[in-house]
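Which chain is which? The protein sequence lines are A and B, in order. Per this note's numbering, the first sequence runs over residues 2 to 178. Per this note's numbering, the second sequence runs over residues 2 to 178. Here a beta-carbon is modelled for each residue, glycine too, at the ideal position from N, C-alpha and C. Nothing here was measured: the structure is a model prediction, and the numbers come from that model.
Number of protein chains: 2
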Amino acid sequence: MEPYSLIESKETYRGKIITVNMDTIMLPNGERTVREIVRRGGAAAVLPVDANGNIIFVRQYRHPARAFTLELPAGMLDEGEEPEACARRELEEETGMVAGEIRPFFKMYPTIGLCDETLHLFLASDLRQGTQHTDPDEFVEVERYSPEEAAAMIFDGRIMDGKTIAGVLAYLYIGRK
Amino acid sequence: MEPYSLIESKETYRGKIITVNMDTIMLPNGERTVREIVRRGGAAAVLPVDANGNIIFVRQYRHPARAFTLELPAGMLDEGEEPEACARRELEEETGMVAGEIRPFFKMYPTIGLCDETLHLFLASDLRQGTQHTDPDEFVEVERYSPEEAAAMIFDGRIMDGKTIAGVLAYLYIGRK
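And the structure:
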């Protein structure tokens, strides 16, 4: 048997937005180990840049952080939904903006040791006004900051969301190359 | 009652490394909603820079990604452990290096919509050789790359880990300011 082969997968929890599995895998030394893994599916986020070069963020209450946090628009893929379609949908739902141009930026595992979630980041530009329409239990404010202002907020702790930190710094990096 | 007050918290799963709660909270419109939240505790990661300006990474098998991934050294805080002590411990355990200098870099929530995990990133330098001693079920290889090589690996998909993407790009940003 190959190292890291999956020997057995047992679902130990089925919740509203996640399931948890206990997976038994084979180690290189021939022993077995059990890994607890959260299954959640895919997600998309979008870094929208307006005509003045500012990034459009959303601020919303996040219960896990017990705080109102500044983030890039994002959400989970609907069943069968392509990441780009999800990014476009979340952008319009959360900010009311429609992207004339959208392109893949990079992909990441937000919590690679625990969760199978993959997050697809996109860059959006050539924005025009559409219609904001959040879910009934979503209360979202839109805020705009320059990339440099956003970077300052990463290092002073005002931006704490991983995908937003990665996206803003990636945008600054490609702009300076 | 204040908006977003916690009305009720019910533990629905207790696993090996996580617990899951269903929390009922009050929305601004007076309605109640249930949020599923994964509780995991804190973590620390470290960006170690060697005398040649290269970043020291670890490569290991990550079951959620079904891949051998390149990452900054990191791990969960032990009970009562300070983030800096955890960063120093994980650095030596996983790479065998001891940091002469270590300082806080930034903090992030890797998965802010789902999980209460906070990750504390540190910058380490003035490195000297100690002793690598991984857990019995950890098989870790050490690799070194320049920050620019690492950035290229973010955009071509060879680096997929969120904390590593954020850390590398943050290091490039402060180096160019």
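| query | result |
| --- | --- |
| C-beta atoms of residue 100 of chain A and residue 127 of chain A nearer than 8 Å | yes |
| Cα-Cα separation between residue 143 of chain B and residue 92 of chain B, rounded to whole angstroms | 11 Å |
| Proximity below 8 Å, CB of residue 12 of chain A to CB of residue 25 of chain A | no |
| Where residue 108 of chain A falls: helix, strand or coil (DSSP) | strand |
| Length at least 4, wholly inside the segment 23–90 of chain A: the alpha helix (DSSP H) runs in chain order | none |
| DSSP bridge partner residues for residue 146 of chain B (one or two, in chain order) | B:56 |
| Counted within 10 angstroms of its Cβ, other Cβ atoms place residue 136 of chain A as buried (16 or more) or exposed | exposed |
| Reference residue 117 of chain B; option with closest CA among B:37, B:9 and B:27 | B:37 |
| Cβ pair count under 8 Å reaching 3, the segment 72–88 of chain B against the segment 151–169 of chain B | yes |
| Proximity of residue 65 of chain B and residue 28 of chain B at Cβ, strictly below 8 Å | no |
| Rounded separation between residue 54 of chain B and residue 39 of chain A - CA only | 36 Å |
| Cβ pair residue 97 of chain A, residue 132 of chain A closer than 8 Å | yes |
| Same chain, Cβ closer than 6 Å to residue 43 of chain B, neighbours up to 5 away in sequence not counted | 78 and 119 |
| Any chain B beta carbon closer than 8 Å to residue 13 of chain A | yes |
| Proximal chain B residues relative to residue 107 of chain A, where beta-carbon distance stays under 8 Å | 155, 156, 158 and 166 |
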